[in-house]
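For reference, the structure is listed below as structure tokens.
There are 4 protein chains.
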Amino acid sequence: MIHRFNPTSYHNAIGSYEPVLRIGDGDTVITKTIDALGGDANDQKVWQRGNPMTGPFYIEGAQPGDALAVRLDKIAPNRRVGYTADVVAANVVDPHYVRELPKSKMVKWDVDAKAKTATITEKEYTLTVPLVPMIGCFGVAPDRGQAISTATSGPYGGNMDYNGWIAGVTAYFPVAAEGALFHIGDVHAVQGDGEIVGTGIEISADVQFTVRVLKKKAMEWPRGENRDFIWTVGNARPLDQCIQHATTEMMRWLQSDYKMSARHASTLLGQCVKYDMGNIFDPAFTMVCRLAKKWLG
Amino acid sequence: MIHRFNPTSYHNAIGSYEPVLRIGDGDTVITKTIDALGGDANDQKVWQRGNPMTGPFYIEGAQPGDALAVRLDKIAPNRRVGYTADVVAANVVDPHYVRELPKSKMVKWDVDAKAKTATITEKEYTLTVPLVPMIGCFGVAPDRGQAISTATSGPYGGNMDYNGWIAGVTAYFPVAAEGALFHIGDVHAVQGDGEIVGTGIEISADVQFTVRVLKKKAMEWPRGENRDFIWTVGNARPLDQCIQHATTEMMRWLQSDYKMSARHASTLLGQCVKYDMGNIFDPAFTMVCRLAKKWLG
Amino acid sequence: MIHRFNPTSYHNAIGSYEPVLRIGDGDTVITKTIDALGGDANDQKVWQRGNPMTGPFYIEGAQPGDALAVRLDKIAPNRRVGYTADVVAANVVDPHYVRELPKSKMVKWDVDAKAKTATITEKEYTLTVPLVPMIGCFGVAPDRGQAISTATSGPYGGNMDYNGWIAGVTAYFPVAAEGALFHIGDVHAVQGDGEIVGTGIEISADVQFTVRVLKKKAMEWPRGENRDFIWTVGNARPLDQCIQHATTEMMRWLQSDYKMSARHASTLLGQCVKYDMGNIFDPAFTMVCRLAKKWLG
Amino acid sequence: MIHRFNPTSYHNAIGSYEPVLRIGDGDTVITKTIDALGGDANDQKVWQRGNPMTGPFYIEGAQPGDALAVRLDKIAPNRRVGYTADVVAANVVDPHYVRELPKSKMVKWDVDAKAKTATITEKEYTLTVPLVPMIGCFGVAPDRGQAISTATSGPYGGNMDYNGWIAGVTAYFPVAAEGALFHIGDVHAVQGDGEIVGTGIEISADVQFTVRVLKKKAMEWPRGENRDFIWTVGNARPLDQCIQHATTEMMRWLQSDYKMSARHASTLLGQCVKYDMGNIFDPAFTMVCRLAKKWLG
Numbered sequence: 043m044i045h046r047f048n049p050t051s052y053h054n055a056i057g058s059y060e061p062v063l064r065i066g067d068g069d070t071v072i073t074k075t076i077d078a079l080g081g082d083a084n085d086q087k088v089w090q091r092g093n094p095m096t097g098p099f100y101i102e103g104a105q106p107g108d109a110l111a112v113r114l115d116k117i118a119p120n121r122r123v124g125y126t127a128d129v130v131a132a133n134v135v136d137p138h139y140v141r142e143l144p145k146s147k148m149v150k151w152d153v154d155a156k157a158k159t160a161t162i163t164e165k166e167y168t169l170t171v172p173l174v175p176m177i178g179c180f181g182v183a184p185d186r187g188q189a190i191s192t193a194t195s196g197p198y199g200g201n202m203d204y205n206g207w208i209a210g211v212t213a214y215f216p217v218a219a220e221g222a223l224f225h226i227g228d229v230h231a232v233q234g235d236g237e238i239v240g241t242g243i244e245i246s247a248d249v250q251f252t253v254r255v256l257k258k259k260a261m262e263w264p265r266g267e268n269r270d271f272i273w274t275v276g277n278a279r280p281l282d283q284c285i286q287h288a289t290t291e292m293m294r295w296l297q298s299d300y301k302m303s304a305r306h307a308s309t310l311l312g313q314c315v316k317y318d319m320g321n322i323f324d325p326a327f328t329m330v331c332r333l334a335k336k337w338l339g
Numbered sequence: 043m044i045h046r047f048n049p050t051s052y053h054n055a056i057g058s059y060e061p062v063l064r065i066g067d068g069d070t071v072i073t074k075t076i077d078a079l080g081g082d083a084n085d086q087k088v089w090q091r092g093n094p095m096t097g098p099f100y101i102e103g104a105q106p107g108d109a110l111a112v113r114l115d116k117i118a119p120n121r122r123v124g125y126t127a128d129v130v131a132a133n134v135v136d137p138h139y140v141r142e143l144p145k146s147k148m149v150k151w152d153v154d155a156k157a158k159t160a161t162i163t164e165k166e167y168t169l170t171v172p173l174v175p176m177i178g179c180f181g182v183a184p185d186r187g188q189a190i191s192t193a194t195s196g197p198y199g200g201n202m203d204y205n206g207w208i209a210g211v212t213a214y215f216p217v218a219a220e221g222a223l224f225h226i227g228d229v230h231a232v233q234g235d236g237e238i239v240g241t242g243i244e245i246s247a248d249v250q251f252t253v254r255v256l257k258k259k260a261m262e263w264p265r266g267e268n269r270d271f272i273w274t275v276g277n278a279r280p281l282d283q284c285i286q287h288a289t290t291e292m293m294r295w296l297q298s299d300y301k302m303s304a305r306h307a308s309t310l311l312g313q314c315v316k317y318d319m320g321n322i323f324d325p326a327f328t329m330v331c332r333l334a335k336k337w338l339g
Numbered sequence: 043m044i045h046r047f048n049p050t051s052y053h054n055a056i057g058s059y060e061p062v063l064r065i066g067d068g069d070t071v072i073t074k075t076i077d078a079l080g081g082d083a084n085d086q087k088v089w090q091r092g093n094p095m096t097g098p099f100y101i102e103g104a105q106p107g108d109a110l111a112v113r114l115d116k117i118a119p120n121r122r123v124g125y126t127a128d129v130v131a132a133n134v135v136d137p138h139y140v141r142e143l144p145k146s147k148m149v150k151w152d153v154d155a156k157a158k159t160a161t162i163t164e165k166e167y168t169l170t171v172p173l174v175p176m177i178g179c180f181g182v183a184p185d186r187g188q189a190i191s192t193a194t195s196g197p198y199g200g201n202m203d204y205n206g207w208i209a210g211v212t213a214y215f216p217v218a219a220e221g222a223l224f225h226i227g228d229v230h231a232v233q234g235d236g237e238i239v240g241t242g243i244e245i246s247a248d249v250q251f252t253v254r255v256l257k258k259k260a261m262e263w264p265r266g267e268n269r270d271f272i273w274t275v276g277n278a279r280p281l282d283q284c285i286q287h288a289t290t291e292m293m294r295w296l297q298s299d300y301k302m303s304a305r306h307a308s309t310l311l312g313q314c315v316k317y318d319m320g321n322i323f324d325p326a327f328t329m330v331c332r333l334a335k336k337w338l339g
Numbered sequence: 043m044i045h046r047f048n049p050t051s052y053h054n055a056i057g058s059y060e061p062v063l064r065i066g067d068g069d070t071v072i073t074k075t076i077d078a079l080g081g082d083a084n085d086q087k088v089w090q091r092g093n094p095m096t097g098p099f100y101i102e103g104a105q106p107g108d109a110l111a112v113r114l115d116k117i118a119p120n121r122r123v124g125y126t127a128d129v130v131a132a133n134v135v136d137p138h139y140v141r142e143l144p145k146s147k148m149v150k151w152d153v154d155a156k157a158k159t160a161t162i163t164e165k166e167y168t169l170t171v172p173l174v175p176m177i178g179c180f181g182v183a184p185d186r187g188q189a190i191s192t193a194t195s196g197p198y199g200g201n202m203d204y205n206g207w208i209a210g211v212t213a214y215f216p217v218a219a220e221g222a223l224f225h226i227g228d229v230h231a232v233q234g235d236g237e238i239v240g241t242g243i244e245i246s247a248d249v250q251f252t253v254r255v256l257k258k259k260a261m262e263w264p265r266g267e268n269r270d271f272i273w274t275v276g277n278a279r280p281l282d283q284c285i286q287h288a289t290t291e292m293m294r295w296l297q298s299d300y301k302m303s304a305r306h307a308s309t310l311l312g313q314c315v316k317y318d319m320g321n322i323f324d325p326a327f328t329m330v331c332r333l334a335k336k337w338l339g
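See below:
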């Protein structure tokens, strides 16, 4: 079943809020997201800044202990203007080098959906980059009835700012509240690894996604999948701990679903694993442990 | 000029040792490296374990303040047997998960240069991976007359275990001692990101490289280049600090050589940068900040 | 005014929950806390485990932008039995050493309020330590309407597990919600630095505290004070970031309230500062930056 | 036997250098150290900056696998002028706060040995602190024939900048080279925890120490002892790893020398351990795990 949902209010945290819509296992939702600053498709500020989320969506049948699969069917920026910060964040350079950097300001990009490019034209430089629209922040309600700021992330997902969350990908989240309570927002028209200026090209978007409930599918951290790869996500600080979470989750996945021994999984990962950086800017950083499906037999 | 050098002794540290050969700016060296465990092309142990280095090579004209460019012309494993550890390292998984892991042991691979594959055949699994031979450890003598174990790495290079140091690549090191004193060794037939089992496929190799002295070319961290990308390397702990070193070095490079302002360089990196993981196993970890040359005009 | 409040329900997160009591600026509350495992003064489990909080208390007049001062008047364990884990946590030892440790279990202590000691009597050892009762977890509702698990901590306070939060001390929290919404619980009869076994001696307690609202007193992190010292608290990961938060907060305090220049404050801290470890076990660690009042003129 | 040694040259690294003196097990050495900047008792620059070391001293009978005990008999600043930096280091504050700090400069202190105070008199402030002279940098030659900059530290000791290395204390180092090759220098007239301005009060000094060789006394990290406490030292980055090294070393010490089980040692440390910060400024940070001797029976 396909639902069309037009949001009029948002949340700046991910939590056990009143659902905006109840949907079934296998259903598809067509909706809209506003940008990280609260701006809508007309670039009008309609909500307070800080990654306002569309949702939450209640998925019938989802219980703690299940996993929620979310296939990202479409992520389409729906206006011409996007915003980025224009100086690398203080925490991604050597501490003494911070003094050599100017203060960051917000700059505008022209986002051309037809040409599939974004262009910035400043006095001193211009730059055109290809669009790769992605979801910056999405996830399900965390456990203990928590409501956690969309500035950060955790086992429930959240503000991972990973440029691999693009259309065609399926994300998996560990369900911790009845109905899962799925939130989505913070689309970036494009973003480099690490989100090192503190933003991607922040933009509003039309999004479509399809959910599936995987009963009694235990997982501790978000997972992802596309045609060629599977991956696991660690959200924490420092990056070292992200790696620990993501690698442990991948080891568990290979052992439980692919029936590998610890030695087999280790040997495979040791020589074939890829790591991607989500973000090194938010309160919790994000690293991804990724493996080609060709190794999974 | 081409030099053929057949090593008979090695160093387990990188430092201001007596040069084994003096070569000129622009010269090429054809030599051999033994494996991380001290084994030669006949898999005979000829030196104590711990990344024994071939060298150092004294490059005429190289002075502190210069950079040494080293083009990796050839990295060819020269025997059939390679070795890896077979359990992920304790520091790359969640601390409490360590108890669930067996103890690592060394396992053998059959390295087939003609088929360009390596195959492991254990009782419980087999695995065949394509060869991508790389240099695990290389660099120049550090400053202050230091001699630093080849277990670790720093501004001078060292045990970076980055799977991007393959044939065709040019590496750049900041010269800190007269003659640069270049060391090379620790070839891996292949290695996943992070070297998370603590080894690549450790193997002896025939290597060929060509050096160039870049006078008064200040840099603080190793850099690299291939046809499509430039990159900078940060060697430190935790990974966050590697990122700080590598990103600062890239910002400096873009400003000094490509005449970008800090805002221009930031905006470009913010939306286009890639980060690769060298290793998250050695005493110093390695992260790489990489940018496509197409962005450099 | 003195309020006596006998709790019957608790929260396992700190957030903008319905207040259990409204009190005035300057009021004192006499109440009880249950232990981290949910056990009351009779060692009966009355709530689910995970640092259940007494409260929240709504303080009249407290607004975002103010600070809440909480003087800890009394922290008195109110039963004989306390609990600790008995093996150091996996994350506080070298990763490879984890394999040499047995699995932790909960052990009982006899807490003797009259003798002011706690004694453990195991088959292989006995140990008697002096009581220094402290608050493991307390704080005010965080911003954005968040509700955050009492497993962790942040700018709003939370599970800091700092053994300096003892009777006689005044704590200061940055108010982020109307009425501040103060929570308190998780008393430890005693605890070493770092909470390295993952617990102090967990116990229920009679507690008394007195609140004061400091209007328009901006602060970013919790602060504390006793007769001889002032301190600031950083809650984050890794410990390095705790130090950054706590030191920045102290620099700001010395500049704003004690009218020191940055050079004066730096020189004073540089030669006279003390750092204490709260915990290195919880999701967010805690470090304290402490300065003797004698230096404040 | 007592040796008087007047140094005329120094080393800016700790390594297997030619010994300046051979001494016996149990011998005492009376010597001098110059300051971190290379200045002697007349405040004349006699060596290049960067913690120049007096030594190395070869101790007869010390072999790899032994430990070297060094009792610090006397640490007496031998001139009136001392130097500190005057702004907190960029890495100990929040990254974005760095922009609010002025650039550090060196400032002078008047060190009065008779009054046991040091006084700084700047235009905007004056400050007098009591002297607690300490050794900033000392240790033995590292393994593999390494020579490692006195900017940093490791298992062999080095630039720990721990303000607990004062007269009366005995330090223990794991011997890794024949004769141990002990180096000493970098005295601070006083220093706060963490060395957060990047210096203590840097000064030249008269020092006296007495060595003892402990045969086949395996240890992995430096240890220390005074009348009331024993401690272990972890030198690494980030602070979390320092804690891991120091805590593991303490667990091993309690098990091997005090015959505690892992549960006994854990329970004791869990409720009674203290952690001190050496430095959070040098390339390797330092944390100390400290336990009162009263707990050792």
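Protein chains in written order, with our numbering: chain A, 43 to 339; chain B, 43 to 339; chain C, 43 to 339; chain D, 43 to 339. Cβ coordinates follow ideal geometry from the N, Cα and C atoms, glycine included. Predicted model only: the values in this text are computed from it and were never measured.
Between the CA atoms of residue j and residue i - distance to the nearest angstrom
| i | j | result |
| --- | --- | --- |
| Met148 (chain D) | Gly206 (chain B) | 43 angstroms |
| Thr161 (chain B) | Thr168 (chain B) | 7 angstroms |
| Lys335 (chain D) | Ile285 (chain D) | 20 angstroms |
| Gln283 (chain B) | Val253 (chain B) | 29 angstroms |
| Asn84 (chain C) | Pro94 (chain C) | 16 angstroms |
| Val112 (chain D) | Phe323 (chain C) | 34 angstroms |
is_contact[residue i, chain A] using C-beta, thresh 8 angstroms
| i | result |
| --- | --- |
| Val239 (chain D) | no |
| Ser191 (chain C) | yes |
| Arg294 (chain C) | no |
Cutoff 8 angstroms: residue i Cβ touching any chain D Cβ
| i | result |
| --- | --- |
| Arg91 (chain A) | no |
Neighbour list for residue i in chain B, Cβ cutoff strictly below 9 angstroms
| i | result |
| --- | --- |
| Ala132 (chain C) | Asp136, Pro137, His138, Tyr139, Val140, Arg141 |
Cross-strand partners of residue i (DSSP beta bridge)
| i | result |
| --- | --- |
| Phe47 (chain C) | Phe47 (chain C) is not bridged to any residue. |
| Ile65 (chain D) | D:Ile101 |
| Trp263 (chain C) | Note: Trp263 (chain C) sits in no beta bridge, so no partner. |
Residues that residue i contacts on chain D, provided the C-beta gap is smaller than 8 angstroms
| i | result |
| --- | --- |
| Pro216 (chain A) | Simply none; closest approach about 26 angstroms. |
Neighbouring residues, chain B, relative to residue i (Cβ below 8 angstroms)
| i | result |
| --- | --- |
| Pro280 (chain C) | Pro280 |
Beta-carbon neighbours of residue i, restricted to chain D and to distances below 7 angstroms
| i | result |
| --- | --- |
| Val71 (chain C) | Within 7 angstroms Cβ-Cβ: nothing; Val71 (chain C) doesn't reach chain D, min ~29 angstroms. |
Residue-level contact to chain B via CB, residue i, 8 angstroms cutoff
| i | result |
| --- | --- |
| Gly57 (chain D) | yes |
| Asn48 (chain D) | no |
Within chain A, partners of residue i - CB distance below 7 angstroms
| i | result |
| --- | --- |
| Ser308 (chain B) | Asp128, Val129, Val130, Val239 |
Review point. Is there contact between the stretch 189-197 of chain B and the stretch 130-149 of chain B, where contact requires at least three CB pairs shorter than 8 angstroms?
Key: No, the stretch 189-197 of chain B does not touch the stretch 130-149 of chain B.
request  = Could you say if the stretch 211-230 of chain C and the stretch 305-317 of chain C meet the contact criterion of at least three C-beta pairs nearer than 8 angstroms?
outcome  = Per the Cβ contact rule, the stretch 211-230 of chain C is not in contact with the stretch 305-317 of chain C (fewer than 3 Cβ pairs under 8 angstroms).
*asked:* Tell me whether the stretch 268-276 of chain D and the stretch 234-242 of chain D touch, counting them as touching only if at least three CB pairs, one residue from each stretch, are closer than 8 angstroms.
replied: Counting Cβ pairs under 8 angstroms, fewer than three are found: no touch.
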